[in-house]
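Student:
Residue numbers (this note's numbering): 636 to 1327.
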C-alpha cells in the first residue's frame, strides 16, 4: 500500500475467506471509472418491474449466485454483494451501511424464477451519484473477492496452450483450435469468422428482467460462433495462439513478431528461439527466461545484451561465459573467473550439463529483491518505465495501476491482465488493446470504448453484455438500440444486476468456454482433483448427457462435481476431461531409454513418440527441432513440452510480495522471494553497490 493511502474497509473474500483491504484510493478509482448516463429526471425506482411492495424486515440473507445462475427457490437477494468484517447488516430503510447505502432492499424468486415482490429503490441503494448537467454516475461497488481470487477468475477465461483438431462449423474444414471437439460451442476458422457471411446481431435478444444477467449472457456464448484461436497475420504457424505477426513457428503462445520459434511463451521480436519464456529481441537461444537482446544464449535467466553465454544468471553486456552470475561487461568467464580466450575454449568442453549448472549458479547468486527499471513509487516485479503502480507484475509504461500483470502502455487501471497499447480507465478486464473505459470484459480491442460486460469487442463503443460485436455502437445483448434507448435501458439493467448480486463482478468462471485445467489460471493458481476415478476420459466424440458438454466442475479445494446443481452455492470452475487422441507412431520410447548423445539419435525418432519422464504423456519431435538439437549438440528433451513450460515457469518467482530482510544490511524489504527461501537476496542499494 502506498504511504498516502488509507485503509477504509477490511473485507472477507467470499471465495477463499482471506481478508483484504479497500483503501480511499481504491474507492476513488471505482468512482472514477463508474459509468455515467443521463439523469432520467425522475425519482429513483426499480426499473422494468410493475409492482411495488413494502420492504421486508430483518435478517437479509446473502444468497448471491456464484455460478452464473441457479438462484434457488425462495432465495433472498440483497441489493449489494459482500459483507465487511464487523459490519452490521441494516434491518430497515432507516439504517445504512458504512458504505452509505441501504442493504434492506430485496426480493424473492418463485420456483419458476419470477419476481414475487419488490419495492422502490432509493438513490443510496442504487449507488447513484448526481453529477449535475443531467448526468448520473452508477457507482461500482468495492469488490467481494480478494485480489488473487479476482485474478484467478479472470485467468480462467484464457486458454493459451491447449490446442486441438476439430472441424470449422462453417466450412467443415479441419482447423487447429483452442476449443476441444467435445465442447458444445460453434467454432469458425479465421477466414469464416471474419467473413460477412454471418451477423452478430442475428444472436441478439431482449433483456429479460425475470432472469439474472449472466444467465442471459451465457445463452449468447453458447449460440454464437467463436474464433478458433486468437491470432493475426501469421504465416505457416497453425499451432500458435494469442500470437501475431509470426512466421514458421510451432507451439508458441502470447507472442508477436517472431520467426522460426518453437515451444515458447511471451517472446517478442525474436528468431530461432526454443523452449524460452519472456525473451525479447533475441536470436538462436535455448531455455532462456527473462532474456533481452541476446544471441546464442543457453539456459540463461535475467540476462541482457549477452552473447554465447551458458547456464548463467543476471549478466549484462557479457559474452562467452559459463556458469556465471552478477557480472557486467565481462567475457571468457567460468564460474565468474576470467580466462584467456584460448584457455576458455579449452575448459568449455568440460561443461555440458547446462541445466544442472544453472541450478548450482542460482543457489550462490545474489538476487535483487525486485526487478524495477526506471520506476517511481511502484511496487511489484519486472516493471519498466512505470510510475505510481502497486502490485503490478511484468509491465512496461504503466502509470496509476494496481493489481495488473502482463501489460504494456496503460494508465489508470486496476485488476487487469494481458493488456497492451494505449489502454486507459479500465477495471476487471482480460485482454484489451487500444481501449478506454472498459469494465468487466474480455478481449476489448481496436479502439473500443465504454464497454461493459462484453466478450470480444472490436472497434465499438457503448456496448453492454455483447459477444463479438464489430464496428457497433449502442448494443445490448447483441441487439441494436438507438442512443436514447441504450442510455435509458442500461441503467435499468444495472439496477437489476445489483439485486442479483452481479453488478461489480466479473463473469463467473463457470461461464468460461474452457476447463480450468486448460487455462492460464491453472498455471498461477493450480487446482488438481485427488483422483478422477469416477470421471471417464472422453476419447474424442461429443459425450451426451454431460452438463456443459464434456465438462465437469471443480472447486478451489479440488472437489469435483458432475453438475452445477450438485455444486450448489460453492464457487466452482469447469474442468475438462477431454483427452486428445495421440497420432499413430511406430513406437513409444520411454525417456530413460533415449541415448544421451545427440549423435546417437537416428532420423527415425521423428516417427516415434517419447514418453515424458514426469507425466508419462507421449510427445513427438518435429524436424526443425531435431535440426536445432544437432546443430547445438543438445540432448533430446526427456519431458513433454507442457511439463517443460511448467519447469520454466517454476524458475520465475510468484506474483506476490513478501516482507523479509536484506541479507547484506538487514533492513526490511519487499520481495518476491519468500522469507523461508534459501536464495541470497539484497535490497536495491546493497545490490547496486555489489554490481557497480
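From the three backbone atoms N, C-alpha and C, an ideal C-beta is built for every residue, glycine too. No experiment lies behind these values; they were computed from the predicted model shown.
1. Can you tell me the Cα-Cα spacing of residue 872 and residue 813, whole angstroms?
2. Please return the same chain residues whose Cβ sits closer than 6 Å to the Cβ of residue 788, not counting the five positions on each side in sequence.
3. By Cβ distance, which residues of its chain are closer than 6 Å to residue 1240, with the 5 residues on each side in sequence left out?
4. Any idea what DSSP makes of residue 1110, helix, strand or coil?
5. Less than 8 Å between the C-beta atoms of residue 1305 and residue 1286, yes or no?
6. Would you kindly check if the distance between the Cβ of residue 1004 and the Cβ of residue 642 is under 8 Å?
7. Counting Cβ pairs, one atom from each stretch, are 3 or more of them under 8 Å apart for the segment 771 to 788 and the segment 653 to 671?
8. Work out the CA separation of residue 1300 and residue 1310 for me, nearest whole Å.
9. Applying the 10 Å Cβ sphere with the 16-neighbour rule, what's the burial state of residue 1026?
10. Expressed to the nearest angstrom, what Euclidean distance is found between the alpha-carbon atoms of residue 1242 and residue 1261?
11. Just to confirm the assignment, what range does the alpha helix (DSSP H) spanning residue 852 have?
12. How big is the Cα-Cα spacing for residue 856 and residue 1102?
13. Do you know how far the Cα of residue 770 is from the Cα of residue 1217?
14. Return helix, strand or coil for residue 1308, following the three-state DSSP convention.
15. Find the nearest neighbour of residue 837 within the set 1321, 1258 and 1115, judged by alpha-carbon distance.
16. If you draw a straight line from the alpha carbon of residue 1127 to that of residue 766, how long is it in whole angstroms?
17. Could you give the C-beta distance for residue 1083 and residue 1093, rounded to a whole number, given that I count them as a contact under 8 Å?
18. Report buried or exposed for residue 1307, applying the criterion of at least 16 other Cβ atoms within 10 angstroms of its Cβ.
19. Check whether the Cβ atoms of residue 859 and residue 821 lie closer than 8 Å to each other.
20. Could you check how far apart the C-beta atoms of residue 1234 and residue 1210 are, in whole angstroms? I think they sit under 8 Å.
21. To the nearest angstrom, how far is the alpha carbon of residue 644 from that of residue 654?
22. Quick one: what's residue 1288 bridged to in DSSP?
23. Should residue 1265 go down as buried or exposed, given a rule of 16 or more other Cβ atoms within 10 Å for buried?
24. At 4 residues or longer, what runs of the alpha helix (DSSP H) sit wholly inside the segment 1070 to 1142?
25. Which residues share a DSSP beta bridge with residue 771?
26. Could you check if residue 791 is buried or exposed, using at least 16 other CB atoms within 10 Å of its CB as the buried criterion?
27. In chain order, which continuous runs of the beta strand (DSSP E) of length 3 or greater are located wholly inside the segment 779 to 810?
28. Closest to residue 1097 by C-alpha separation, out of 1085, 674 and 1104, would be which residue?
29. Tell me, which residues are paired with residue 935 by DSSP?
30. Whose C-beta lies closer than 7 Å to the C-beta of residue 1187 among residues of the same chain, with five residues either side of it excluded?
31. For residue 995, list the residues DSSP reports as bridge partners.
32. Going by other Cβ atoms of all chains shown within 10 Å of its Cβ, with 16 needed for buried, is residue 1312 buried or exposed?
33. Let me know the secondary structure DSSP gives residue 1280 once reduced to three states.
34. Out of 980, 985, 1006 and 956, which one is the CA nearest neighbour of residue 634?
35. Expressed to the nearest angstrom, what Euclidean distance is found between the alpha-carbon atoms of residue 1277 and residue 810?
Tutor: Reading off the structure:
1. 14 Å
2. 1141 and 1144
3. 1256
4. strand
5. no
6. no
7. yes
8. 15 Å
9. buried
10. 12 Å
11. 848 to 858
12. 7 Å
13. 59 Å
14. coil
15. 1115
16. 18 Å
17. 7 Å
18. buried
19. yes
20. About 44 Å; that fails the 8 Å criterion.
21. 10 Å
22. Note: residue 1288 sits in no beta bridge, so no partner.
23. exposed
24. 1118 to 1135
25. 672 and 765
26. buried
27. 799 to 802
28. 1085
29. 923 and 947
30. 1170, 1195, 1196, 1197, 1210 and 1212
31. None; residue 995 has no bridge partner.
32. exposed
33. helix
34. Absent from the structure is residue 634, since the part of the chain shown begins at 636 and ends at 1327.
35. 21 Å
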